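S.K.: Please find one structure pasted underneath; my questions will follow.
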Amino acid sequence: MNDDHSRNGSSGKSFIDKIANFLSGEPQNQSEVLEILTNAHHSGLVEAEALGIFQGALQVSDMQVREIMVPRPQCIIINATAKPEEYLPPIIESAHSRFPVYGESTDDIIGILLAKDLLDLAYKGKLEKTQLKDLIRPASLVPESKRLNVLLREFRQTRTHMAIVVNEYGKMSGLVTIEDVLEQIVGEIDDEHDFDDDYMIKQAEGNEFMVKAVTPIDEFNEHFATKFNEDEYDTIGGIVLSHFGHLPKREENVIIGKYNFTVMNADNRAIRLLKVSPIQH
Numbered sequence: 001m002n003d004d005h006s007r008n009g010s011s012g013k014s015f016i017d018k019i020a021n022f023l024s025g026e027p028q029n030q031s032e033v034l035e036i037l038t039n040a041h042h043s044g045l046v047e048a049e050a051l052g053i054f055q056g057a058l059q060v061s062d063m064q065v066r067e068i069m070v071p072r073p074q075c076i077i078i079n080a081t082a083k084p085e086e087y088l089p090p091i092i093e094s095a096h097s098r099f100p101v102y103g104e105s106t107d108d109i110i111g112i113l114l115a116k117d118l119l120d121l122a123y124k125g126k127l128e129k130t131q132l133k134d135l136i137r138p139a140s141l142v143p144e145s146k147r148l149n150v151l152l153r154e155f156r157q158t159r160t161h162m163a164i165v166v167n168e169y170g171k172m173s174g175l176v177t178i179e180d181v182l183e184q185i186v187g188e189i190d191d192e193h194d195f196d197d198d199y200m201i202k203q204a205e206g207n208e209f210m211v212k213a214v215t216p217i218d219e220f221n222e223h224f225a226t227k228f229n230e231d232e233y234d235t236i237g238g239i240v241l242s243h244f245g246h247l248p249k250r251e252e253n254v255i256i257g258k259y260n261f262t263v264m265n266a267d268n269r270a271i272r273l274l275k276v277s278p279i280q281h
């Protein structure tokens with residue numbers, strides 16, 4: 001038992017000594033810190049996933065909100081005077097949990113509506129009699145230039161999950177969530193539409209398929225018997241994006257050849273997931 005304890009103690013000390021050796025150079029900037037961490041990874045002291053998180057954590061201190069926010073045209077905002085039949089469809093269709101609410105104009109953001117606050121009212125049959133302005137919660141406003149590490153700290157301190165991004169004139173230019181920030185650190189956070197990384201194409205219902213946007217063209221052609229040009233684009237997402245002519249948001253669709261492509265997951269940087277279904281004649 002004493003021998004085991006000695007071996008464990010020696011091993012622990014050796015590990016600490018190795019870390020100390022890597023840090024003894026007293027890095028002067030982030031590049032040197034990353035170099036040390038990368039060396040630690042190559043030496044087996046830091047796993048690849050941990051290294052990625054370290055890199056992401058350092059990166060957010062250099063990034064601003066404007067780089068990751070969801071642009072205003074892609075935001076779903078609700079009028080405070082809207083009736084249930086007006087605001088429920090976009091809420092249900094988007095499957096989001098929080099929505100900016102505006103007053104006299106779309107520039108007048110007066111709060112945030114949480115979809116879950118509607119559930120109890122709907123269950124009790126009180127939704128029609130309740131005004132949205134009585135349900136909204138205070139909205140946090142942040143400038144486009146705010147650093148992501150500062151924003152993350154504020155999210156944690158205030159226990160809020162969404163902030164309205166405003167430009168230099170105080171007008172809404174987009175929104176940002178705590179998930180958007182965390183994804184810069186840990187990578188994309190899966191949602192209900194995502195599936196195992198071992199699959200690029202997965203059958204959903206009937207003739208519908210869920211297809212990752214990064215699916216190589218040749219793999220897509222083989223599965224769907226299509227003849228998309230493999231020289232012009234590398235992935236099916238590239239072809240779909242070119243047909244849209246803009247970065248689409250969720251639920252937008254486009255017909256290419258004999259198939260209908262619906263965007264199931266996308267952010268302000270790229271298409272992530274597609275639903276592919278044959279056109280019914």
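Sequential numbering of the sequence shown, starting at 1, is according to the UniProt record's numbering. Ideal placement from N, C-alpha and C gives every residue a C-beta, glycine not left out. As the structure is a computational prediction, the values presented were derived from the model and not from experiment.
Should residue 283 and V181 be called a contact, given that it needs their Cβ atoms to be closer than 8 Å?
M.R.: No answer is possible for residue 283: it lies beyond the span of the chain, which begins at 1 and ends at 281.
S.K.: By the DSSP assignment, the beta strand (DSSP E) with G174 in it spans what residues?
M.R.: Residue 174 sits at position 174 when you count from the first residue of the sequence shown. Here the beta strand (DSSP E) through G174 covers 172-177.
S.K.: Which residues does DSSP list as the beta-bridge partners of P71?
M.R.: Locating residue 71 in the sequence shown gives position 71, where the first residue counts as 1. Its beta-bridge partners are G174.
S.K.: Alpha carbon to alpha carbon, what distance is there between K146 and D62?
M.R.: Your numbering for residue 62 matches position 62 in the sequence shown. Your numbering for residue 146 matches position 146 in the sequence shown. In a straight line, the C-alpha of D62 is about 10 Å away from that of K146.
S.K.: In whole angstroms, what separates the C-alpha of F261 from that of F244?
M.R.: For the purposes of this step, residue 261 is taken as the residue at position 261 of the sequence shown. For the purposes of this step, residue 244 is taken as the residue at position 244 of the sequence shown. Straight-line spacing of the CA atoms in F261 and F244 works out to 10 Å.
S.K.: Using a Cβ-Cβ cut-off of 8 Å (strictly less than) and excluding sequence neighbours within five positions of L151, which residues of its own chain qualify?
M.R.: Here residue 151 is taken as the residue at index 151 of the sequence shown, counted from 1. In its chain, beyond the 5 residues on either side, V65, V142, A163, V176, V181 have a beta carbon closer than 8 Å to the beta carbon of L151.
S.K.: Determine the burial state of K258: buried for a count of at least 16 other Cβ atoms within 10 Å of its Cβ, exposed for fewer.
M.R.: Here residue 258 refers to the residue found at position 258 of the sequence shown. Flag for K258 reads exposed.
S.K.: With a threshold of 6 Å on Cβ separation, who are the neighbours of G174 within its own chain once the five nearest residues in sequence on each side are excluded?
M.R.: Numbered from 1 along the sequence shown, position 174 holds the residue referred to as residue 174. Answer for G174: M69, V70, P71, R72, V165, listed in chain order.
S.K.: Can you tell which of L118, D134, F54, H161 has the C-alpha that lies nearest to the C-alpha of Y102?
M.R.: In the sequence shown, residue 102 corresponds to position 102, counting from 1. The shortest Cα separation from Y102 among L118, D134, F54, H161 belongs to D134.
S.K.: Checking 8 Å against the spacing of the C-beta atoms, do V33 and L58 come in under that value?
M.R.: As a first step, residue 33 must be located in the sequence shown, where it is residue number 33. As a first step, residue 58 must be located in the sequence shown, where it is residue number 58. Taking the C-beta atoms as reference points, L58 is found nearer than 8 Å to V33.
S.K.: Suppose you measure from the CA of T81 to the CA of K171; what does that come to, to the nearest Å?
M.R.: Counted from its first residue, the sequence shown places residue 81 at position 81. Counted from its first residue, the sequence shown places residue 171 at position 171. Looking at the two C-alpha atoms, the distance is approximately 20 Å.
S.K.: Are there 16 or more other CB atoms within 10 angstroms of the CB of P89, so buried, or fewer, so exposed?
M.R.: For this step, residue 89 is matched to residue 89 along the sequence shown. Result: exposed.
S.K.: Could you spell out where the alpha helix (DSSP H) holding K202 opens and where it closes?
M.R.: For the purposes of this step, residue 202 is identified with residue 202 of the sequence shown, where counting begins at 1. That residue, K202, is in no alpha helix (DSSP H); its beta strand (DSSP E) goes 201-203.
S.K.: Between V263 and I279, what straight-line distance do the alpha-carbon atoms span, to the nearest angstrom?
M.R.: The residue you call residue 263 lines up with position 263 of the sequence shown. The residue you call residue 279 lines up with position 279 of the sequence shown. Each residue's alpha carbon lies about 16 Å from the other.
S.K.: Spatial neighbours of T106 within its chain, please: C-beta separation below 8 Å, excluding the five flanking residues on both sides.
M.R.: Sequence index remark: in the sequence shown, residue 106 carries index 106 (1-based). Contacts found: I77, M172.
S.K.: If you draw a straight line from the alpha carbon of P138 to that of I110, how long is it in whole angstroms?
M.R.: Taking the sequence shown and counting its residues from 1, one reaches residue 138 at position 138. Taking the sequence shown and counting its residues from 1, one reaches residue 110 at position 110. Spanning the alpha carbons of P138 and I110 requires a straight line of approximately 7 Å.
S.K.: For Y169, is the classification buried or exposed, using 16 other Cβ atoms within 10 angstroms of its Cβ as the cut-off for buried?
M.R.: Counting from 1 along the sequence shown, the entry for residue 169 is found at position 169. Result: exposed.
S.K.: Quick one: grab the DSSP three-state call for G111.
M.R.: Looking up residue 111 in the sequence shown gives position 111. In this structure, G111 counts as strand in the three-state DSSP scheme.
S.K.: Per the DSSP calculation, K212 is bridged to which residue(s)?
M.R.: Taking the sequence shown and counting its residues from 1, the one referred to as residue 212 is at position 212. DSSP output for K212 lists L273 as bridge partner(s).
S.K.: With the cut-off set at 8 Å, would you say R250 and A270 are in Cβ contact?
M.R.: Counting from one through the sequence shown, the residue named residue 250 turns up at place 250. Counting from one through the sequence shown, the residue named residue 270 turns up at place 270. Against a cut-off of 8 Å, the Cβ pair of A270 and R250 comes out as no contact.
S.K.: Judging by CA-CA distance, which residue of E183, N221, Q184 is the nearest neighbour of I201?
M.R.: As a first step, residue 201 must be located in the sequence shown, where it is residue number 201. Of the candidates E183, N221, Q184, the one whose C-alpha sits nearest the C-alpha of I201 is N221.
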